[in-house]
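In the numbering used here, the protein residues as written are 5 to 465.
Built from N, CA and C at the ideal position, the CB exists for glycine as well.
Every value quoted in this text rests on a predicted model; they were computed, and no experiment measured them.
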């Protein structure tokens with residue numbers, strides 16, 4: 005399948021292993037990245053990492069060999085590495101021109117992906133990925149063994165950095181009962197090692213790498229976070245550890261929207277300054293909390309690359325998305341699930357309250373609660389997706405809601421009002437950047453309205 009057109013989605017190129025994710029296609033993409041770097045950077049050092057997926061290490065070694073023959077000094081990870089760890093190294097390593105990460109994040113085990121991380125330590129912009137795609141199948145000079153491959157452990161500098169921005173002593177003295185569910189992810193060997201290094205007690209489960217992810221998905225959501233004990237916080241990460249998930253002391257999954265609101269208020273109380281940077285799919289509760297705290301918000305399209313771009317242009321107190329990715333202006337412009345879980349633990353310990361109580365307090369502070377759900381529609385082609393989107397774009401009413409405004413930051417966001425039930429909300433309709441799906445994100449202030457909107461969407465596909 006070497007002739008297949010290569011396209012980069014929200015976070016690089018992904019495909020099914022041995023179907024469209026092949027050595028031929030990886031060679032094409034790696035050569036294109038090499039050609040781009042040779043034309044755009046003075047530095048000739050490229051970093052390569054990989055998550056626990058089947059064959060990810062072999063593809064990484066293959067790419068390293070290609071780049072070394074193009075004259076690059078290649079720092080190849082000596083072990084499974086989280087995306088944020090590699091991103092931090094790409095930003096701080098001397099003469100770094102960026103990094104290549106082999107991961108499919110939270111996708112099923114059959115998938116693998118490749119993405120380029122520029123030396124600013126965040127996702128590549130659309131301009132960069134478009135340039136890389138344009139260079140695919142371009143002839144790149146073979147400089148014959150002018151480069152080198154150096155096996156590298158990237159963990160130590162990353163650990164040192166986190167120790168400057170996270171209060172490990174506070175966490176260690178906070179008395180939080182903690183479960184770390186490794187979910188067989190890339191955070192295993194990193195998050196647990198940090199806890200052990202700082203004598204923070206925890207119970208660990210699924211603390212080994214498994215390409216089959218225990219038969220589930222490497223996604224830190226309630227469905228896959230099955231281990232809980234009353235009175236314990238449970239934290240987890242996705243396959244490459246750039247997303248986080250958390251169950252409170254009662255076993256309830258706390259949505260990233262609530263976490264963002266809690267952390268925004270906590271970071272503000274510490275005196276941190278900057279804007280709240282969020283994607284268009286983030287809950288209205290974050291807007292309300294930001295407004296009450298006098299913090300300006302910036303709203304971007306879905307995908308952390310857009311948050312990263314905003315973070316590099318303006319100071320950010322917090323940047324986050326509803327899918328479980330966050331960072332701050334003190335950290336890399338890339339989502340980091342390890343950092344996120346540590347920041348949550350720090351907030352719980354600093355505020356000396358259980359997470360379920362912090363959730364209750366933030367809802368009281370906002371004076372409003374919102375409820376979310378999502379409908380994913382699998383369609384065969386972009387033509388089918390476009391037809392559905394065009395149909396919905398003409399609606400003036402969705403279920404019992406009046407569409408009083410539409411926003412086209414990313415896809416179409418319908419702002420809704422139901423005057424009969426005095427309920428408000430929105431529906432965001434957009435194409436997935438990583439899977440063949442048309443997604444409908446739903447938020448309302450009345451939980452009963454969620455099912456009505458879902459039924460309306462399904463009836464009109």
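query	result
Neighbourhood of residue 289 by C-beta, 8 Å cutoff - its chain only, sequence neighbours within 5 removed	261, 262, 265, 366, 367, 370, 372, 373, 374
Contact under 8 Å by Cβ, residue 69 with residue 307	no
Alpha-carbon spacing of residue 12 relative to residue 139, whole angstroms	13 Å
Buried/exposed call for residue 150, threshold 16 Cβ in 10 Å	exposed
Residue 11 (DSSP reduced to helix, strand or coil)	coil
Closest by C-alpha distance to residue 279, when choosing among 249, 259, 257, 312	312
Reference residue 281, options 302, 271, 157, 292, closest by Cα	302
Coil, strand or helix - residue 414 by DSSP	coil
Distance between residue 310 and residue 323 (C-alpha atoms, nearest Å)	10 Å
Straight-line gap, residue 452 to residue 461 (C-alpha atoms, nearest Å)	15 Å
For residue 80, the first and last residue of its enclosing beta strand (DSSP E)	77–81
Best match in 245, 178, 174 for proximity to residue 192 [C-alpha to C-alpha]	245
With 16 other Cβ atoms within 10 Å as the buried cut-off, status of residue 94	buried
Inter-residue CB distance, residue 172 and residue 106 (contact presumed, cutoff 8 Å)	30 Å between Cβ atoms; not a contact.
Cβ contact check for the region 154–165 and the region 126–136: 3 or more pairs under 8 Å	no
Residues sharing a beta bridge with residue 430, DSSP	419, 447
Residue from 401, 397, 427, 454 whose Cα sits closest to the Cα of residue 434	397
Beta carbon of residue 57 nearer than 8 Å to that of residue 215	yes
For residue 302: DSSP bridge partner residues	281
Ordered list of alpha helix (DSSP H) runs contained in the region 326–405, each at least 4 residues	341–355, 359–370, 386–397
Integer-rounded CB distance, given that residue 34 should sit under 8 Å from residue 79	Going by Cβ atoms, the distance from residue 79 to residue 34 rounds to 15 Å, so no, they are not a contact pair.
Three-state class that DSSP yields for residue 51 in the structure shown	strand
Under the three-state DSSP convention, the category residue 229 falls into	coil
Residue nearest to residue 120 in terms of C-alpha spacing, selected from 142, 99, 67	67
Rounded straight-line distance, which links the Cα of residue 274 to that of residue 235	27 Å
Residue 457 - DSSP class collapsed to helix/strand/coil	helix
8 Å Cβ cutoff met for residue 92 and residue 18	no
Cut-off 8 Å between Cβ atoms - residues of its own chain near residue 254, not counting five sequence neighbours on either side	234, 360
Per-residue burial, residue 384 [other beta carbons within 10 Å of its own, 16 or more giving buried]	exposed
Residue 6 (DSSP reduced to helix, strand or coil)	At residue 6 the pLDDT is 41, less than 50, meaning the model places this residue with poor confidence; the figure from the coordinates comes in the next sentence. Correct three-state label for residue 6: coil.
beta-carbon residue 361 near the ligand ADP non-hydrogen atom, thresh 7 Å	Among the ligands in the structure shown, none appear at all, so the ligand ADP cannot be discussed.
C-beta atoms of residue 183 and residue 207 nearer than 8 Å	yes
Which listed residue (424, 411, 250) has its alpha carbon closest to that of residue 349	250
Local conformation of residue 22 per DSSP, three classes	coil
Contact set for residue 240: own chain, Cβ-Cβ below 6 Å, skip 5 residues either direction	185, 187, 224, 229, 249
Residue 152: first and last residue of the uninterrupted beta strand (DSSP E) it sits in	152–156
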